[in-house]
Amino acid sequence: MRKSRPKKRILLPDPIFNDVLVTRFVNDLMVDGKKNLSYKIFYAALEIVKEKTEKTGKSPLEVWKKSLENITPGVEVKSRRVGGATFQVPMEIRPERKVAISIKNMILFARKRSGKSMAEKLSAEIIAGFNEEGGAYKKKEDTHRMAEANRAFAHFRF
Numbered sequence: 104m105r106k107s108r109p110k111k112r113i114l115l116p117d118p119i120f121n122d123v124l125v126t127r128f129v130n131d132l133m134v135d136g137k138k139n140l141s142y143k144i145f146y147a148a149l150e151i152v153k154e155k156t157e158k159t160g161k162s163p164l165e166v167w168k169k170s171l172e173n174i175t176p177g178v179e180v181k182s183r184r185v186g187g188a189t190f191q192v193p194m195e196i197r198p199e200r201k202v203a204i205s206i207k208n209m210i211l212f213a214r215k216r217s218g219k220s221m222a223e224k225l226s227a228e229i230i231a232g233f234n235e236e237g238g239a240y241k242k243k244e245d246t247h248r249m250a251e252a253n254r255a256f257a258h259f260r261f
């Protein structure tokens with residue numbers, strides 16, 4: 104495919120919350136094509152989140168969305184070669200990529216966590232993101248810090 108852009112696939116909303124973002128998350132959580140297992144893990148994680156965050160008065164889906172929002176980076180650095188030197192140039196991130204990065208980071212850091220089941224690990228990461236802590240939130244902060252440090256090279260933007 105040299106010139107043509109791949110056409111966007113339309114995702115169907117998930118059966119319980121009727122939300123396309125949930126489907127997107129479950130698709131990234133899925134391993135070896137086991138989508139049903141991914142749904143079970145996600146819904147079990149939200150049940151655990153519901154038990155742990157009863158006093159906030161928010162639904163587990165709202166807690167999950169707020170957590171994703173908290174770990175979504177706004178800028179990133181890309182390498183740019185100018186006159187033999189490589190600069191880390193800070194750039195805005197496209198909205199679709201922002202969502203993809205935040206979902207992937209949440210899943211990655213949930214898998215790295217210690218815990219019994221994936222549902223427990225994921226729920227712990229969701230709650231950590233909601234409280235603006237945890238691995239995924241730290242990664243976002245590091246990305247922003249790196250972009251801020253290299254702001255002098257912003258004029259190399261391409």
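Add 103 to the 1-based position in the sequence shown for the working numbering, that's all there is to it. All C-beta atoms in this analysis are idealised placements derived from N, C-alpha and C, irrespective of residue type, glycine included. Since we're looking at a predicted model, the values are computed, not measured.
Item checked: Cβ neighbours of Ala147 in the same chain (closer than 6 Å, five flanking residues each side left out) -> Ala222
Notebook entry, point to check: Are the beta-carbon atoms of Ser162 and Met209 separated by less than 9 Å?
Noted result: no
Notebook entry, point to check: Lys193 bridges to which residues according to DSSP?
Noted result: The identity of residue 193 in the sequence shown is Pro, whereas the question assumes Lys. Pro193 pairs with Val180.
Margin query: Tell me the DSSP secondary structure of Val152 in three-state form.
Written below: helix
Next item on the list: Taking 9 Å as the cut-off, decide whether the C-beta atoms of Lys137 and Pro176 are in contact.
Entry: no
Note to self: Between Leu149, Leu211 and Gly237, which has its C-alpha nearest Leu132's C-alpha?
What the structure shows: Leu211
Margin query: If I measure Cβ to Cβ from Phe233 and keep anything under 6 Å in the same chain, skipping five residues before and after, which residues do I get?
Written below: Val166, Lys169 and Ser170
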